[in-house]
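Residue numbers (the numbering used here): 2 to 183.
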């Protein structure tokens, strides 16, 4: 094994992990991603995919407050973690682990009133094609990743309005739900 003469940059980690350490996946701490924007996360995902060493788990060591009193800072943090996990390829990880479902929290006010409560994979793909310029990109990406994950074996995905209080609890613990299920 070669010794690194300097600290690795985040973009170098997948190749180093695969080639030098022989590992097949990475648990990434969020501290590693500080300062990265969406394009950087996508580039990191692509590098990891090419190295056949995907980001398996995005780890944030500080506890997240999911309670009903979660303040705006906690909600923003949860949204950032969700976006980062999505950009890093979380649906592929869920498929790898045979997850029963994936739940996406989209930023608030993203046209949820125009989405059906339940939609098939093919209907989702058609909806994405028809509404490319009309729906916000962050909503389209959640629908796209959701349909892709279902095509690859995940039983269902849910896209929720992350701006609603207790959206996750309402979706999971009520019969009707509040989001869109693919």
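All residues carry an ideal CB built from backbone N, CA and C; glycine is no exception.
| Item | Value |
| --- | --- |
| Local Cβ density within 10 Å of residue 93, reported as buried at 16 or more and exposed below that | Caution applies to residue 93, whose pLDDT of 45 falls short of 50 and renders its modelled position unreliable; the value that the coordinates give is listed next. Residue 93 is buried by the Cβ-count criterion. |
| Own chain, CB closer than 8 Å to residue 120, minus 5 neighbours either side, in chain order | 128, 181, 182 and 183 |
| Rounded Cβ spacing between residue 168 and residue 161 (contact assumed at less than 8 Å) | 5 Å |
| DSSP-derived helix/strand/coil call for residue 102 | strand |
| DSSP state of residue 120 mapped onto helix, strand, coil | coil |
| Beta-carbon gap between residue 59 and residue 85 smaller than 8 Å | yes |
| Pick from 118, 50, 57 and 90 that is closest to residue 142, judged by C-alpha positions | 90 |
| Unbroken beta strand (DSSP E) run spanning residue 30, endpoints | 27-30 |
| Per DSSP, the bridge partner or partners of residue 41 | Residue 41 is not bridged to any residue. |
| When 50, 117 and 159 are compared against residue 1, the one with the closest alpha-carbon | Residue 1 lies beyond the stretch modelled for the chain, which goes from 2 to 183, so this question has no answer here. |
| Short Cβ contact (8 Å threshold) for residue 163 with residue 73 | no |
| Supposed contact pair residue 88 and residue 39 - C-beta distance, whole angstroms, cut 8 Å | 6 Å |
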